[in-house]
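The sequence shown lines up with residues 1 to 361 when you count with UniProt numbering.
Even for Gly, the Cβ is constructed at its ideal location relative to N, Cα and C.
Here the structure is a predicted model, which is why all the values come from computation and not from measurement.
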Amino acid sequence: MKINDYILRYTFPNNYNKDGICRIRTFVNSKLDTLILITDLDTKNTSMSITNSIEVICKTLIEKYRIPETTVFIEHYEPSAIHDHTFDLVKLNVSNDTEWESITFKNVIELLECNDTEINNLTLKNTHLLEEIEQLRTLISPHSELPSQFESKYMLRQFEIENNMIKKNALHQLIINNSNETEFLNLLRKDLSFFAEIYASPNDSYICFSEFPLDNGFVDFVILTGRSRMDVFLIEIKGADFSLLTQNSYKKFNYKIDTAASQIRDRLGYIHRNIISFRKFVHEVREKAFSGEKIFNAFVGPEQDILVDKNKDINIHNIIIGGRTQNDLEESYKRHDFETNFNLPIKLESWDSFYRKLRRK
Numbered sequence: 001m002k003i004n005d006y007i008l009r010y011t012f013p014n015n016y017n018k019d020g021i022c023r024i025r026t027f028v029n030s031k032l033d034t035l036i037l038i039t040d041l042d043t044k045n046t047s048m049s050i051t052n053s054i055e056v057i058c059k060t061l062i063e064k065y066r067i068p069e070t071t072v073f074i075e076h077y078e079p080s081a082i083h084d085h086t087f088d089l090v091k092l093n094v095s096n097d098t099e100w101e102s103i104t105f106k107n108v109i110e111l112l113e114c115n116d117t118e119i120n121n122l123t124l125k126n127t128h129l130l131e132e133i134e135q136l137r138t139l140i141s142p143h144s145e146l147p148s149q150f151e152s153k154y155m156l157r158q159f160e161i162e163n164n165m166i167k168k169n170a171l172h173q174l175i176i177n178n179s180n181e182t183e184f185l186n187l188l189r190k191d192l193s194f195f196a197e198i199y200a201s202p203n204d205s206y207i208c209f210s211e212f213p214l215d216n217g218f219v220d221f222v223i224l225t226g227r228s229r230m231d232v233f234l235i236e237i238k239g240a241d242f243s244l245l246t247q248n249s250y251k252k253f254n255y256k257i258d259t260a261a262s263q264i265r266d267r268l269g270y271i272h273r274n275i276i277s278f279r280k281f282v283h284e285v286r287e288k289a290f291s292g293e294k295i296f297n298a299f300v301g302p303e304q305d306i307l308v309d310k311n312k313d314i315n316i317h318n319i320i321i322g323g324r325t326q327n328d329l330e331e332s333y334k335r336h337d338f339e340t341n342f343n344l345p346i347k348l349e350s351w352d353s354f355y356r357k358l359r360r361k
């Protein structure tokens, strides 16, 4: 027979802010044994899982709720995407050396002397229990579900970026008109957030540059982003005035793609021959951009610095964007072969595939 069904708040010694919650169902069977089913609340719990809190939970029930020390405790996790109900008998020893013994759904039904419906009464589908959960969560941590707060400088920069964004349709018009490289360069230099939108990670922490100097030449666009180890994206673009693959029976990449790949190969050779000085250079440029210097058309994201360590190695990513897609499936295979078999790490995009990744309107 079930005696009660409620949400328990339990407290860790000397750590009030980590109070946890779980579901408790108390049963008394025909032998007058007391059994308690302790159910984990998954993401609704305000602290650690019941497995990591089991000693505190049981102690709370025994000391605060006067549950007999002979009570049988059963640890319970409700179904998720990767598992069904799971149950374990919990054995508390004097030495705090807790033991768990896995038992089946059928074993639990027999022990509790209840039916399947009781166990399948899922916590988050029970309106009464859900109300209890939300009230306790609010008491324990009133601000836990509020959005993160940002400094005014961050917000003003975010608004500035959004207000000056070029519409997605402007890029689309260049693509459908099969525009040349110069037309794309003219548009993208006006709004470098096109590249940040796709390649920046974290998405608010980046600096974009155009015409970035390198080995007596320049890279069309560069993005600095990342955490700890800085990610450096070298981006070469071509126009949309050609098909990515030749339209003859050979189905090879257009020669303009080979030209861009050759440019990247030369620049990577220079970078890796001078990796220490290059790393020092990009970090110096990063610091100048964050100090407000408009170096190489620097475009800084809302976050006022990217949290990278200038003493760590950098990750270099190479992107080529150019040409038009004629057959998505065929070209995706070819691009995959190019990216995996080419002796240098290069990501290849057509303007059509680049456009599809944009989130802006």
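- Going by DSSP, Glu55 is part of no beta strand (DSSP E) but of the alpha helix (DSSP H) stretching over 50–64.
- Three or more Cβ pairs drawn from the segment 311–319 and the segment 219–232 lie within less than 8 Å of each other, which places the two stretches in contact.
- Considering only Phe212, Leu136, Asn274, the residue with the shortest C-alpha distance to Lys294 is Phe212.
- Within 10 angstroms of the beta-carbon of Asn254 lie 16 or more other beta-carbons, which makes it buried.
- Judged by DSSP secondary structure, Glu287 falls outside any beta strand (DSSP E) and instead within the alpha helix (DSSP H) spanning 275–290.
- DSSP places Leu92 outside both helix and strand once states are collapsed to three, so it counts as coil.
- In this structure Ile306 does not touch Ser201 by the C-beta definition: roughly 10 Å separates them, more than the 8 Å allowed.
- In this chain, the beta strand (DSSP E) harbouring Glu99 covers 99–103.
- Listed in chain order, the non-local C-beta contacts of Phe12 below 8 Å within the same chain comprise Lys18, Asp19, Gly20, Ser47, Ser53, Val56, local neighbours out to five positions each way being set aside.
- Counted as a single uninterrupted DSSP element, the stretch harbouring His83 is not any beta strand (DSSP E), since DSSP gives it neither H nor E.
- For Leu124 against Leu37, the beta-carbon gap comes to about 16 Å, at or over 8 Å, which does not count as contact.
- Annotation for Lys2: the continuous beta strand (DSSP E) segment containing it runs 2–12.
- Contact check between the segment 153–161 and the segment 285–304: three or more CB pairs, one atom from each, fall below 8 Å, which counts as touching.
- Across the structure, Leu358 and Lys167 are spaced so that their CA atoms are roughly 10 Å apart.
- Under the Cβ criterion (8 Å, minimum of three pairs), the segment 84–91 counts as touching the segment 99–111.
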